[in-house]
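Asker: Its first residue numbered 14, the sequence shown is counted upward by one per residue in the numbering used here. Just passing along the structure, written as structure tokens.
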Amino acid sequence: MARDFGHSMPGIGGTSAHVSAFMREELRAQLQESWETTLNERLAIAPTSPVSILNELLAARLKKPGRARLPNVSRLRASTPRAS
């Protein structure tokens, strides 16, 4: 139909060149909700884990329900000593 009007269609990538702040925030909120739901479901299975980061998140969730958020990986990497 676009060709009928003399328009060129470069593909789906040319349709929307940027992502709006609203779209980013909406996606972030959906991912956060999914993460928190998943963490609650995991907590219902068992309150601890042999995986240290998950164990810390579960412990925080037990202390303050609703507060365990996705870890900031860049901060974790900066604060974790690397094996040589």
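All C-beta atoms in this analysis are idealised placements derived from N, C-alpha and C, irrespective of residue type, glycine included.
(1) State buried or exposed for R41, treating a residue as buried only when at least 16 other CB atoms are found within 10 Å of its CB.
(2) So what's A59 in DSSP terms, helix, strand or just coil?
(3) Using 8 Å as the cut-off, can you tell me whether the region 59–66 makes contact with the region 41–50, which would need three or more C-beta pairs spanning the two stretches below that distance?
(4) Report all residues from its chain with a CB closer than 8 Å to the CB of L75; omit the five preceding and five following residues, and keep chain order.
(5) Please report the straight-line C-alpha distance between L52 and L71, rounded to a whole angstrom.
(6) Cβ of L44 versus every heavy atom of the ligand MN: is any distance shorter than 7 Å?
(7) What is the rounded straight-line gap between the Cα of I58 and the Cα of A34?
Answerer: Straight from the coordinates:
(1) exposed
(2) For A59, the secondary structure class from DSSP, reduced to helix, strand or coil, is coil.
(3) no
(4) L56, P60
(5) 7 Å
(6) Among the ligands in the structure shown, none appear at all, so the ligand MN cannot be discussed.
(7) 36 Å
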